[in-house]
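Read the structure below first, then the notes.
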Ligand SMILES: Nc1ncnc2c1ncn2[C@@H]1O[C@H](COP(=O)(O)OP(=O)(O)O)[C@@H](O)[C@H]1O
Ligand SMILES: [Mg+2]
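Chains as they are written, first to last, in my numbering: chain A, 1 to 335; chain B, 1001 to 1273.
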């Protein structure tokens, strides 16, 4: 069963286009904007990074693309265009057909993301049965092959293992196998390595990048770790308190960070080699804490923590200013 | 996995009851209905009649053995019906929420407010006595605990990572309920079903005792007790043995249920007995 692709704009336009996304958070009688004015585009096969501190709205942005926002969160406005098709108003059944097949997602907790009572091979095979109408026998064969692709040793035995018999890294490999099973166009990876040992993290990231490159799958890589994202992605967007405050080509964001927050993020990274010689000598941190949704400040939301703050920052939301190579920055004092 | 004494003793008692029911035609000494002989009426236990005889001179041992068939059939079949109804309602209510959840909750509360024996009695009064009526009456009236448990489990399981993951991978609601939720709540469901089966067997005995269930001369433990009412003072064995059969079977199921609960759910799902 190969669902007919609605082409049209598809084929040459961007794979995913998110425009002026607003996510509403229903509070007690008040509605907050958990995310607002978020726009970005991901090309076919491109690796795009979304970076920001915990709580800035990365995960809910991803969920909105999957059509999985649940109360008290809801889509407040904006357009989400996948392969030329607007999907922000798609029905539950239409979204279900996209999920797992065209857009897949892996997330932070490989320990809990697998059904504890089902052998991992079965859980991979279920994707072929569900989305491609494969028979169970055929699906199990393909599940074994999928496990081999994510380099799980002796896959012919591992397909019968239960999740608790596998290490965290192995489970995340299984999750990658499940996510990539049906050859999706886009893989959303929401902090895929945060819960893993440092030594395993790099392996998993490399594996993901390699498989996606081989299959031409685009990646939306979500992380709080700018270094990791910039390594893996062509372009990076930095989010702060529900808004994208800067977006640039990955290399450029290190060379010429334009927003004070981005600069702060880079200065707080432990730098090696070249980068260490370029900048200041000490690691610095950004003072203050991320405001909560209920207490987002007026104007630029970074203003209470910004070293370059002036009066206009406290009153006026900065417009997007263009940077070279399709970059943007939202700061009154950028440059 | 450690099974614990409750599980062994309870499981043993229940296994014996099951074995007796299945092998009744071979281990019974006489026909439980036909072999009446007034010359042998109300004989105390002896070598010939191990449990004595009743007012019509029938071998009580053989009647208790055949009675196991009826009591266990009613217990097992109607409890399975209860579990299916309760789990279907509770699982869908917990997973979907919304008006369906409100509706199921309301229905459950109503069911819990009506004593289920009275409800079953009313159904029996409409359907008339007999095995099928018993199965229907008891199979429709004891699902509220299963429903409660299934709903609570669905509510807590649906926030588990793997259920979210399934949704993200494009599983439909029924596939999620069947492959992700149901297997993971099976433990508590089985515990409740085991305890419920004891209750159903007691309810069958009560209904038959009241003459609404299995009618004499067919032997169910409840109808045997009913027969024995008048002679309890002069021939206590007529009521002691069927009573003991009920007691041991229900005790076995309760112990088994408790034992399984310790295995499946160390924090103990509570159920009013
Ligand atoms: N189910 C929810 N109910 C209420 N608030 C939520 C919910 N999910 C997320 N939020 C809020 O939305 C904001 C963004 O959350 P999230 O996207 O998870 O952040 P991130 O992934 O960047 O760490 C947070 O402030 C969080 O408190
Ligand atoms: Mg997150």
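No residue lacks a Cβ here, since even glycine has one placed at the ideal position from N, Cα and C.
Distance between residue j and residue i (C-alpha atoms, nearest Å)
i	j	result
residue 1205 of chain B	residue 1213 of chain B	8 Å
residue 263 of chain A	residue 257 of chain A	6 Å
residue 1143 of chain B	residue 1086 of chain B	5 Å
residue 29 of chain A	residue 72 of chain A	12 Å
residue 1230 of chain B	residue 1056 of chain B	13 Å
residue 45 of chain A	residue 219 of chain A	7 Å
residue 1268 of chain B	residue 1079 of chain B	Reliability of the predicted coordinates at residue 1268 of chain B is poor, the pLDDT of 48 falling under 50, and no value is obtained from them.
residue 1009 of chain B	residue 187 of chain A	54 Å
residue 1253 of chain B	residue 1053 of chain B	28 Å
residue 1121 of chain B	residue 1215 of chain B	14 Å
residue 182 of chain A	residue 1261 of chain B	40 Å
residue 1072 of chain B	residue 1021 of chain B	7 Å
residue 1118 of chain B	residue 1058 of chain B	32 Å
residue 1227 of chain B	residue 1209 of chain B	8 Å
residue 261 of chain A	residue 250 of chain A	16 Å
residue 144 of chain A	residue 178 of chain A	11 Å
residue 1077 of chain B	residue 1026 of chain B	23 Å
residue 140 of chain A	residue 152 of chain A	15 Å
residue 6 of chain A	residue 87 of chain A	With a pLDDT of only 41 at residue 6 of chain A, under 50, the local geometry of the prediction cannot be trusted, and no value is derived from it.
residue 1135 of chain B	residue 1116 of chain B	14 Å
residue 239 of chain A	residue 1113 of chain B	54 Å
residue 1271 of chain B	residue 1191 of chain B	Interpretation of residue 1271 of chain B is limited by its pLDDT of 42, a score under 50 that renders its predicted location unreliable; the figure taken from the coordinates is listed afterwards. If I take the Cα positions, the gap works out to 10 Å.
residue 1050 of chain B	residue 1044 of chain B	8 Å
residue 10 of chain A	residue 85 of chain A	Because the pLDDT at residue 10 of chain A is just 46, under 50, the model does not fix this residue reliably, and the value given afterwards should be weighed accordingly. In a straight line, the C-alpha of residue 10 of chain A is about 8 Å away from that of residue 85 of chain A.
residue 155 of chain A	residue 172 of chain A	15 Å
residue 13 of chain A	residue 1094 of chain B	42 Å
residue 244 of chain A	residue 1165 of chain B	27 Å
residue 1 of chain A	residue 1167 of chain B	Summary for residue 1 of chain A: the model assigns pLDDT 37, below 50, so the residue's position carries little reliability; its value from the coordinates is reported in the next sentence. Those two C-alpha atoms are separated by around 20 Å.
Under 8 Å by beta carbon: chain A residues contacting residue i
i	result
residue 1160 of chain B	112
residue 1180 of chain B	115
residue 1183 of chain B	115, 117, 118
Residues bridged to residue i (per DSSP)
i	result
residue 80 of chain A	A:18
residue 104 of chain A	A:187
residue 1053 of chain B	B:1059
residue 237 of chain A	A:50, A:247
residue 242 of chain A	None, per the DSSP bridge assignment.
residue 31 of chain A	A:26
residue 321 of chain A	A:329
residue 42 of chain A	A:16
residue 218 of chain A	A:186
residue 73 of chain A	A:25
residue 1167 of chain B	Beta-bridge pairing links residue 1167 of chain B to no other residue.
residue 223 of chain A	A:51
residue 99 of chain A	A:103
Partner residues on chain B for residue i, Cβ-Cβ distance less than 9 Å
i	result
residue 66 of chain A	1167, 1168
residue 127 of chain A	1169, 1170
residue 131 of chain A	1169, 1170
residue 178 of chain A	1165, 1169
Chain-ordered chain B contacts of residue i [CB-CB under 7 Å]
i	result
residue 105 of chain A	1168
residue 395 of chain A	No answer is possible for residue 395 of chain A: it lies beyond the span of chain A, which begins at 1 and ends at 335.
Interface residues of chain A facing residue i [CB-CB closer than 9 Å]
i	result
residue 1254 of chain B	Within 9 Å Cβ-Cβ: nothing; residue 1254 of chain B doesn't reach chain A, min ~27 Å.
residue 1063 of chain B	Correct list: empty, because the minimum Cβ distance to chain A is about 44 Å.
Per-residue contacts from residue i into chain B (C-beta, under 8 Å)
i	result
residue 97 of chain A	1170
residue 58 of chain A	Ordered by position in chain B, no residue passes the 8 Å Cβ test against residue 58 of chain A, which lies about 15 Å from the chain.
residue 101 of chain A	1170
residue 204 of chain A	By Cβ distance, chain B contributes nothing, its closest Cβ being about 16 Å from residue 204 of chain A, past 8 Å.
residue 109 of chain A	1161
Minimum Cβ-Cβ distance from residue i to chain E less than 8 Å
i	result
residue 1175 of chain B	Structure shown: chain E not included; protein chains present are A and B.
Any non-hydrogen atom of ligand 3 within 7 Å of residue i CB
i	result
residue 285 of chain A	By its list of ligands, the structure shown excludes ligand 3, since it contains just ligand 1 and ligand 2.
- Query: Which residues, in chain order, sit with a beta-carbon under 6 Å away from any heavy atom of ligand 1?
  - Reply: Applying a distance threshold of 6 Å between residue Cβ atoms and the heavy atoms of ligand 1 selects A:25, A:34, A:52, A:54, A:55, A:56, A:57, A:58, A:59, A:60, A:72, A:73, A:293, given in chain order.
- the segment 86-97 of chain A touching the segment 61-68 of chain A, judged by at least three CB pairs closer than 8 Å: yes
- Task: Specify whether the segment 1109-1128 of chain B and the segment 1181-1195 of chain B touch according to this definition: at least 3 beta carbon pairs, one from each stretch, less than 8 Å apart.
- Result: no
- Message: Contact between the segment 1144-1157 of chain B and the segment 1092-1109 of chain B is defined here as three or more beta-carbon pairs at a separation below 8 Å; is this criterion met?
- Response: yes
- Between the segment 217-234 of chain A and the segment 37-54 of chain A, are three or more C-beta pairs nearer than 8 Å? yes
- Message: Does the structure place the segment 124-139 of chain A close enough to the segment 1162-1176 of chain B that three or more beta carbon pairs sit under 8 Å?
- Response: yes
- Message: Using a Cβ distance threshold of 8 Å, determine whether the segment 72-82 of chain A contacts the segment 113-128 of chain A, with at least three qualifying pairs required.
- Response: no
- Message: Could you check whether the segment 200-215 of chain A touches the segment 111-118 of chain A, counting it as contact only if at least three pairs of C-beta atoms, one from each stretch, sit closer than 8 Å?
- Response: no
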